[in-house]
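Visitor:
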Amino acid sequence: MASRRVAKTIVDWAAFAERVPPAERDIFRAFKAKSTNFLTKVHQYPEALPAIDFAQYKKLLPNPAIVDAFEKNYKALSVPYPTDKDKVLDAVTKEEATVNESIKDQVAEFQRMAADAQLMLDKIDTVPKPEAMTHEMFADYFPESAVNPDKPTLYPHTKPYQPENIKDFLK
């Protein structure tokens with residue numbers, strides 16, 4: 003499995019850097035430096051272990067049987083590539099799928115809210131500017147806030163201080 007060596011980084015550092023807030027740029031630079039250092043250390047070693055010349059050792063040692071035993075054990079040695087025994091990758095993939103669905107739903111909801119807000123802004127844009135509005139126009143556009151001579155209000159002219167609302171307060 004030594005062929006799974008990383009030839010180039012999978013991370014798109016330019017896109018990553020665009021998403022980093024200005025306050026966290028130093029932390030990002032430190033993280034990128036650590037990642038680069040790790041990748042450099044990995045690449046300084048050969049992809050495969052160097053072959054051991056057991057014939058040379060047989061010539062040098064007085065007992066070649068020991069070298070044969072070492073050679074047999076060395077060739078039988080196999081370090082397996084790490085596997086995901088707890089299926090963490092599957093769990094993360096499933097969680098990513100559910101989060102992506104949630105994000106799509108949230109994006110759709112926010113787009114709907116933005117469309118509603120745009121409709122409200124369009125309605126607001128139809129209202130004349132305050133400088134051009136007369137009292138009659140104000141009463142037509144905002145009947146609940148306009149002064150009604152048939153229904154006078156008491157100072158301070160806010161809803162909580164009006165007689166119809168004070169009745170509940172006095173009981």
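Take 3 as the starting number for the sequence shown in my numbering and just add one per residue. Built from N, CA and C at the ideal position, the CB exists for glycine as well. Computed from a prediction, not measured in an experiment: that's the story for all the values here.
Using CA coordinates, which residue listed in L123, L51, F56 and A93 is at the minimum distance from S80?
Guide: Taking only the C-alpha atoms, the option nearest S80 is L51.
Visitor: Checking 8 Å against the spacing of the C-beta atoms, do Y83 and V69 come in under that value?
Guide: No, the Cβ-Cβ distance between Y83 and V69 is not below 8 Å.
Visitor: Pull up the distance between the alpha-carbon of N150 and that of F112, whole angstroms please.
Guide: Answer to the nearest angstrom: the Cα atoms are 39 Å apart.
Visitor: Looking at the structure shown, is F144 part of a helix, part of a strand, or coil, going by DSSP?
Guide: Looking at F144 - three-state DSSP - the assignment turns out to be coil, as it is neither helix nor strand.
Visitor: Could you check what DSSP says for L156 in three-state terms: helix, strand or coil?
Guide: If DSSP states are grouped into helix, strand and coil, L156 belongs with coil.
Visitor: What span of residues does the alpha helix (DSSP H) with D124 cover, start to end?
Guide: Taken as a continuous stretch (DSSP letters only), the alpha helix (DSSP H) holding D124 covers V90 to T128.
Visitor: In chain order, which alpha helix (DSSP H) runs of at least 4 residues are fully inside the stretch 4 to 59?
Guide: You should have 15 to 21 and 27 to 45.
Visitor: Would you kindly work out how many angstroms separate the C-alpha atoms of M3 and A32, rounded to a whole number?
Guide: The predicted position of M3 is uncertain, since its pLDDT is 42 and thus under 50; a value taken from the coordinates is nonetheless stated next. Each residue's Cα considered, the two are about 31 Å apart.
Visitor: For P84, which of helix, strand or coil comes out of DSSP?
Guide: Of the three classes helix, strand and coil, the one that applies to P84 here is coil, per DSSP.
Visitor: Where does the unbroken alpha helix (DSSP H) through A78 begin, and where does it stop?
Guide: Element bounds for A78: P66 to A78.
Visitor: For P132, which of helix, strand or coil comes out of DSSP?
Guide: Three-state result, P132: helix.
Visitor: Grouping DSSP H, G and I as helix and E and B as strand, with all else coil, what is P151?
Guide: DSSP places P151 in coil when its eight states are reduced to three.
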